[in-house]
Structure formats: C-alpha cells, structure tokens
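Under full-length UniProt numbering, the first residue of the sequence shown is numbered 1, with each subsequent residue one higher. Glycine is no exception: its CB is placed at the ideal position from the N, C-alpha and C atoms. The structure appears below as structure tokens.
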Amino acid sequence: MTHKIAILGASGYTGAELVRIIATHPDLEVAALSGERKAGQPMGSVFPHLRHLDLPDLVKIEEIDFSSIDLAFCALPHATSQAVIAELPRDLKIVDLSADFRLRDPAAYEKWYGKPHAAPDLQKEAVYGLTEFYRDKIAAARLVAGTGCNAATGQYALRPLIEAGVIDLDEIIMDLKCGVSGAGRSLKENLLHAELSEGYHAYSVGGVHRHLGEFDQEFSAIAGRPVEVQFTPHLIPANRGILATVYVRGDAASIHRALADRYANETFLTVLPIGETPSTRHIRGSNHCHIGVVADRREGRTIVLAALDNLTKGSSGQAVQNANLMLGLDEDSGLTFAPVFP
C-alpha cells in the first residue's frame with residue numbers, strides 16, 4: 001500500500017530534503033506540496049535538482065484536500081506550525097519539524113521562545129521525535145515533534161551515558177559546529193557568502209540557545225534531577241553537517257561500552273572503535289550518525305564526538321523514520337542510502 005504524503009513548507013531546505021528522500025521511498029508518495037510565497041510554481045523551478053521528479057505544484061495550505069492524505073510533514077517556521085496544525089483535521093497524522101511541540105511544559109516553551117504556546121492541548125498530545133529513544137510512543141502517536149538538529153546530535157552522544165551513570169552530570173561541556181543550512185533558507189545578512197565564508201563564529205553564547213530547552217528537558221528526565229550542560233554552538237562555512245565535541249568526566253572505556261551496548265542494534269547509529277573520531281564528511285546526505293570516544297590525557301576525562309547531517313538524520317531523515325513507525329512500515333524503509341562522498 002502506498003501512503004499519500006503532504007509536505008507543508010516544501011520550499012525550504014527541510015521540505016526539499018523530504019522530497020529527495022520520499023522520491024525513492026517504496027511506500028510513500030508526495031501528493032501535495034505547499035509553499036505560501038512560492039504557490040503556483042513547479043517544485044522543479046524552486047529546486048532545480050528535483051526537476052526530474054513528477055511532483056505536484058506548490059499551493060497554499062488551504063488549497064490542499066487532506067481527506068486523501070495519510071500523513072503530513074509540517075516544515076514551517078516556529079510559531080507558524082502550531083497555528084497551522086491546530087486547523088488541520090484531528091485524525092491526520094503529523095510530523096512537525098519545527099520547535100513548536102518539542103517542549104512538554106508550556107512554561108518552558110514560553111521561556112525559550114518568548115511567547116505563550118498557541119495550542120497547549122496539542123502540545124500535551126505531541127510525542128518527542130528522537131526515534132531510537134521514543135519509538136514505541138512514536139508508533140502510537142498522531143502528532144510527533146521532530147527534535148532540533150543540534151539537540152539530536154548532543155543527545156545521541158550523551159543519553160546512554162546519563163542512563164548508565166558513567167559520567168559526572170555536573171561537568172558536561174558541549175562544543176558544537178553546524179553547517180549553514182541549519183539556519184534555514186530565508187535571506188539573512190550574516191549568511192551571505194562574503195559574511196560567512198573563510199571563518200566561523202560562535203552564536204547564542206552563554207546559555208541562551210533554544211535547543212538548551214530540549215537538553216534540560218530530556219537529560220533531567222533521564223537523571224531524575226536537574227541537569228544543565230554548558231553548550232556553545234558555532235556556525236561553520238559548510239552547507240551540511242553537525243559535529244558535537246562533548247567533554248565529560250568519566251572513564252573512557254566505560255563510556256565507550258555504554259554507547260556501544262546501547263546502539264548495538266541501531267541501524268543508523270554507529271559507535272566507532274575507541275580512539276577513532278567521526279567526521280561530517282562521512283555522514284553527508286545520509287540518515288547515519290557516527291559517534292567516537294577518545295580518552296583525554298588527564299585521567300578520568302573523556303571526549304565524546306558525534307557527527308550527523310543536520311538536514312537528514314537531524315531533521316528530514318528523522319521525520320521519515322518517525323513517519324515509517326506511525327504508518328506501520330519498517331523503520332528504516334527508504335532511508336538506507338549511503339552517504340555522499342567526497
């Protein structure tokens with residue numbers, strides 16, 4: 001059975017990535033594409049790399065007939081998603097790629113996003129979309145909230161270590177580098193080639209980055225007490241990829257064992273031999289995440305590194321992985337394509 005899919009916000013990077021993935025998915029078909037500012041245009045005009053595909057033209061959301069749609073991906077901006085999803089049919093399965101439903105506590109949402117949540121009932125319904133840790137709840141869900149790409153990378157490095165109790169929870173430092181596509185497709189002065197290339201810079205420094213809300217929520221729930229990581233993201237002059245370097249206090253062998261045991265049966269999570277480090281070039285364009293563990297020269301200190309593609313495993317690939325579960329398909333269906341190299 002082929003499931004009919006709508007992609008709302010298909011004119012952005014994550015929307016295009018969803019189309020790229022679904023194009024070779026054996027069980028999904030793109031039946032509707034929305035793009036408010038690009039409505040009326042062929043998808044091949046908005047994204048020429050997709051011109052070989054037989055796709056519907058972009059339309060406004062209100063023009064879509066959802067009665068024949070099995071699942072909708074919502075790739076709209078933050079704050080827009082909650083208003084749109086609140087108006088969609090209540091029996092429609094939805095995977096939201098924005099930040100609107102990631103935080104369970106309405107007060108936490110208001111703290112990190114600066115305004116009250118406009119759909120608190122839906123916020124309670126949403127299941128957090130980190131697939132490998134919530135797959136049973138995702139399979140039974142109607143609304144799934146995709147994680148932040150930075151948040152996913154950091155959690156893959158740290159969740160098993162917190163669960164296993166092999167690190168000091170009060171000494172976690174995360175240094176993260178992210179490709180520019182993570183900032184979206186909208187025109188911004190600081191993302192111009194002349195402003196961004198030939199250097200990289202830190203942003204949201206000092207504990208103000210919104211993905212910290214996800215780290216606080218998830219790590220504290222695992223530990224059963226407040227856990228706050230020290231986190232600084234950096235924008236690098238690359239299109240895709242995230243590399244998280246996490247500094248922890250704990251024994252390297254125990255940390256490596258905890259990660260290897262937890263991810264032993266996971267298709268998309270690979271723990272490298274101890275001492276080896278991952279690179280964004282080895283996961284580019286794929287739904288894979290590579291994790292490395294290196295002992296620091298100081299006894300009892302360890303570096304954990306995780307690399308994934310922010311548009312695939314960090315966003316659209318994760319979204320399809322979750323949709324597969326929601327539709328009763330094999331979790332890795334349509335997602336086993338190899339990374340692009342070089």
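Residues of its chain near E189, where Cβ-Cβ distance is below 7 Å and the 5 sequence neighbours each way are ignored: For E189, the CB contacts under 7 Å within the same chain, skipping 5 residues up- and downstream, are E195 in chain order.
Would you tell me roughly how many angstroms separate the C-alpha atoms of V84 and L176, rounded to the nearest one? Computed Cα separation, rounded: 32 Å.
Taking the alpha-carbon positions, what's the Q82 to L191 distance? Cα-Cα distance, rounded: 27 Å.
Residues that DSSP places opposite Q230 in a beta bridge: Its beta-bridge partners are I173.
Tell me which same chain residues have a C-beta within less than 7 Å of the C-beta of P339, skipping the five on either side of it? Excluding positions up to five away in sequence, the list reads H282, I283, R284, G285, S286, H288.
Exposure label - T336; buried when at least 16 CB within 10 Å: Exposed.
Which whole-angstrom value is the C-beta distance of I255 and V293, which I expect to be below 8 Å? V293 and I255 do touch by the CB rule: their CB atoms are close to 5 Å apart, below 8 Å.
If you draw a straight line from the C-alpha of I242 to the C-alpha of L88, how long is it? Roughly 33 Å separates the two Cα atoms.
Output the distance between the C-alpha atoms of C149 and E63, rounded to the nearest integer angstrom. A direct Cα-Cα distance of roughly 30 Å separates C149 from E63.
Three-state secondary structure assigned by DSSP to Y13: Looking at Y13 - three-state DSSP - the assignment turns out to be helix.
Can L33 and A323 be called in contact, C-beta distance under 7 Å? Result no, Cβ atoms of L33 and A323 do not sit closer than 7 Å.
Where the beta strand (DSSP E) through R301 begins and ends: Start and end: 301 to 308.
Could you check how far apart the C-beta atoms of L143 and D96 are, in whole angstroms? I think they sit under 8 Å. 7 Å between Cβ atoms; contact.
E214 - DSSP class collapsed to helix/strand/coil: Helix.
Determine, using beta carbons only, whether G165 and A145 come nearer to each other than 7 Å. For G165 and A145, no; Cβs fall outside 7 Å.
Beta-carbon proximity list for E125, same chain, < 6 Å, skipping 5 on both sides: L143, listed in sequence order.
Straight-line CA distance for R240 to G44? When rounded, the distance between both Cα atoms is 21 Å.
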